[in-house]
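To keep things clear, I will list the structure first and then write my remarks on it.
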Amino acid sequence: MSVNFSQYSPDKVADLFTTNSFRVFTDTDIGIHNLFDTLSTQGSFNYSFDDLSKNTEASQYLIASSNSAIAQDEIVQLATFDNPSAESFDSMGAGIYDFDDVNLITPNAAINAPSLSTSTPTLSTPNTTTITPLTSDGVRVEAGNLRANTFTYQPGYSLTVVSGNGNVDYGNGGRDILDLSPFVSNTVSFNRLYSSSGGEVYNPGNGNRLFDAMTLSNGNKILFEGIETIKFADTTINLSVTPNDPLFSNQWNLHAMGVHNAWRFTQGSNRVLIGIEDTGLGTNSSGNIHPDLRATTFLGSNYLDESPNFSHGTLVAGAIAAQSNNGIGTAGINSNSSLMLVDVVGDEVGVYNLFNATQAIINQAITQGQRTVINLSLSGGNTPEFEQLVANNQDKALFVIAAGNQDQNSLTSPADLAKKYGNVIAVGASWGTKDWYGNPQNPGERIRYSNWWASSYGDGLTLMAPSEYITTSATHASTNTPYNFDYERYFNGTSAAAPNVTGVASLVWSVNPSLTANDIKSILLQTAFDLGTPSYDQFYGHGFVNADAAVRRAMAFSRGVG
Numbered sequence: 376m377s378v379n380f381s382q383y384s385p386d387k388v389a390d391l392f393t394t395n396s397f398r399v400f401t402d403t404d405i406g407i408h409n410l411f412d413t414l415s416t417q418g419s420f421n422y423s424f425d426d427l428s429k430n431t432e433a434s435q436y437l438i439a440s441s442n443s444a445i446a447q448d449e450i451v452q453l454a455t456f457d458n459p460s461a462e463s464f465d466s467m468g469a470g471i472y473d474f475d476d477v478n479l480i481t482p483n484a485a486i487n488a489p490s491l492s493t494s495t496p497t498l499s500t501p502n503t504t505t506i507t508p509l510t511s512d513g514v515r516v517e518a519g520n521l522r523a524n525t526f527t528y529q530p531g532y533s534l535t536v537v538s539g540n541g542n543v544d545y546g547n548g549g550r551d552i553l554d555l556s557p558f559v560s561n562t563v564s565f566n567r568l569y570s571s572s573g574g575e576v577y578n579p580g581n582g583n584r585l586f587d588a589m590t591l592s593n594g595n596k597i598l599f600e601g602i603e604t605i606k607f608a609d610t611t612i613n614l615s616v617t618p619n620d621p622l623f624s625n626q627w628n629l630h631a632m633g634v635h636n637a638w639r640f641t642q643g644s645n646r647v648l649i650g651i652e653d654t655g656l657g658t659n660s661s662g663n664i665h666p667d668l669r670a671t672t673f674l675g676s677n678y679l680d681e682s683p684n685f686s687h688g689t690l691v692a693g694a695i696a697a698q699s700n701n702g703i704g705t706a707g708i709n710s711n712s713s714l715m716l717v718d719v720v721g722d723e724v725g726v727y728n729l730f731n732a733t734q735a736i737i738n739q740a741i742t743q744g745q746r747t748v749i750n751l752s753l754s755g756g757n758t759p760e761f762e763q764l765v766a767n768n769q770d771k772a773l774f775v776i777a778a779g780n781q782d783q784n785s786l787t788s789p790a791d792l793a794k795k796y797g798n799v800i801a802v803g804a805s806w807g808t809k810d811w812y813g814n815p816q817n818p819g820e821r822i823r824y825s826n827w828w829a830s831s832y833g834d835g836l837t838l839m840a841p842s843e844y845i846t847t848s849a850t851h852a853s854t855n856t857p858y859n860f861d862y863e864r865y866f867n868g869t870s871a872a873a874p875n876v877t878g879v880a881s882l883v884w885s886v887n888p889s890l891t892a893n894d895i896k897s898i899l900l901q902t903a904f905d906l907g908t909p910s911y912d913q914f915y916g917h918g919f920v921n922a923d924a925a926v927r928r929a930m931a932f933s934r935g936v937g
């Protein structure tokens, strides 16, 4: 069976240990297509799948190349396994080799799994063009796309309403600009929105929310949201929040969701607990977790990640809650809400199942008088007891779950619970301006590789969010060695998309903890940037999550004008 891996290149891959000892693979090696090395003399590669669970399937390929450019005839399928086993590939000549487990499917993780699927469902093209301004009865309403947009004031309207919708170009200097260059700043009255005062309420068609407001000298009014820069004849006003984390400019996922605009009003609250059910966290030789992660509540030693290669939990935790404005690495979406992590992946002693982990997080939130958003960047583990727990906590627990990476018209479990419960959100994965290989893409488009992985779709898909972005990482050579800390440039899969929505949901709840989990889900759906066919569709759900608009809507409810 041949598979075209011609687009892979050495900069996408790491080290292959071509020794006479066995390399052992486990369920947590899902998606490791990047084991790469040069063999200078003839040798052999031995590999063992003894640690795979019996209900896991893996297809293995060896790629032999003499010049780092992988051609079709250099790909050899070694075997396909559905049970533990060990194999050897002997008489390997000198050359460059890439060993790929390209179809490893595990029942308890939605981690990036390369896929051999060649199915081609009908695709909806994302609507990423600037929306044509709507005008009626002296009102002009204009909304942007997920790129940097300039909104130039047009005279002749008593009310102008402008909405930026996230800005994937922010890190490269692009801004969502309100151009008022015909006016001097002191000739307008600025009613700026703050977390507890200011602004004006307006319903642009998807629910009341609070807007910044300006009144011109002639009495005409401008309402705006999602704007990063206001340009006057005499000055420029910058509105968005920019932390001092050196990698913030690379965090296109935050910019596309408008998180840096939502930070004007909240960076999290201790009234909200963020729960993460995943692997544990990687620790170094001193027993410390990644230095860019903040204080986290654990259940004893349950937090230790015993994965053999990388810590998936470290990737997820950094995306949601890396410490912001600390001059180190990246900025998390939420810097202030409490954080609790429970290891639910693997069969090591002390690992919790989903029911017990969820109950522990909910109990912690109840004890502290908090609402809780629970992130599940995984699949499998659903039981009647877990589902009942979801059903019983629709007021105080919101579940954000990865939709799956199988490019199929059905969501993985437990993401499929989003069809049944108002406190469950199933999250699909969207590109930014380019894909893993550097090919240009339309921001917001559903990620779909023909020979790797693709975001699942179908009934119940709720929201889209970024994938393939930078976050904290922890890697090591084997289970019993300390982790090394760094930053992963392309955290991918719907595993990466879900933490973005978890972080945004925690901000929305932070500005109005009196809302229920069902309310938070409704707000996120109402304020999402529409993609695909108008309104809901099976490929994009309700659209791309919009942090700024969602926070403004929750604030409207807190002031009694929602």
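Using my numbering, the first residue of the sequence shown is number 376, and each one after it goes up by one.
Just so you know, even glycine gets a beta-carbon here, dropped at the ideal spot from N, CA and C.
Query                                                                                                     : Result
C-alpha distance - L625 paired with G573, whole-angstrom precision                                        : The displayed chain sequence assigns Asn, not Leu, to residue 625. Their Cα atoms are separated by approximately 32 Å.
8 Å contact criterion, which P789 and N750 should meet: CB distance rounded                               : Incorrect: roughly 12 Å between the Cβ atoms, too far for contact.
C-alpha distance - A922 paired with M632, whole-angstrom precision                                        : 6 Å
N887 versus D770 - alpha carbon distance                                                                  : 13 Å
Under the three-state DSSP convention, the category D587 falls into                                       : strand
Whether G744 touches G675 by CB criterion (8 Å)                                                           : no
Cβ neighbours of K611 in the same chain (closer than 8 Å, five flanking residues each side left out)      : Residue identity check: residue 611 is Thr in the sequence provided, not Lys. Closer than 8 Å at Cβ, skipping near neighbours: T604 and I605.
Burial state of V691 (16 or more Cβ within 10 Å)                                                          : buried
Three-state secondary structure assigned by DSSP to I506                                                  : Confidence in I506 is poor, its pLDDT being 49 and thus under 50, which makes the residue's placement unreliable; the coordinate value appears in the next sentence. Three-state result, I506: coil.
Three-way DSSP call (helix, strand, coil) for P1015 in this model                                         : Here the chain has residues from 376 to 937 only, and residue 1015 is not among them.
According to DSSP, residues forming a beta bridge with A518                                               : S538
Pairwise C-alpha distance: S830 and A523                                                                  : 26 Å
Residues bridged to M715 [DSSP beta-bridge criterion]                                                     : G650 and T672
Cβ-Cβ distance between F774 and V802 below 8 Å                                                            : no
Validate contact between the stretch 693–705 and the stretch 842–861 using beta carbons, cut 8 Å, 3 pairs : yes
Beta-carbon gap between A925 and V876 smaller than 8 Å                                                    : no
Whole-Å CB distance - S712 paired with G797, under 8 Å assumed                                            : That pair is no contact at about 22 Å.
Span separating the alpha-carbon of T641 from that of A880                                                : 12 Å
F730 (DSSP reduced to helix, strand or coil)                                                              : helix
Boundaries of the beta strand (DSSP E) in which E575 is found, first to last residue                      : E575 to Y577
Where V920 sits in the DSSP three-state scheme                                                            : coil
N621 (DSSP reduced to helix, strand or coil)                                                              : Position check: residue 621 holds Pro in this sequence, whereas Asn was assumed. Here P621 sits in coil by DSSP.
N-terminal and C-terminal residue of the beta strand (DSSP E) that G782 is part of                        : As written in the sequence, residue 782 is Asp, which differs from the Gly given in the question. Taken as a continuous stretch (DSSP letters only), D782 belongs to no beta strand (DSSP E), as it is neither H nor E.
Distance, S889 Cα to R934 Cα                                                                              : 11 Å
Buried or exposed by the 16-neighbour rule on C-beta atoms within 10 Å, applied to R567                   : exposed
Rounded Cβ spacing between R821 and Y915 (contact assumed at less than 8 Å)                               : 6 Å
Inter-residue Cα distance where the pair is D810 and P841                                                 : 11 Å
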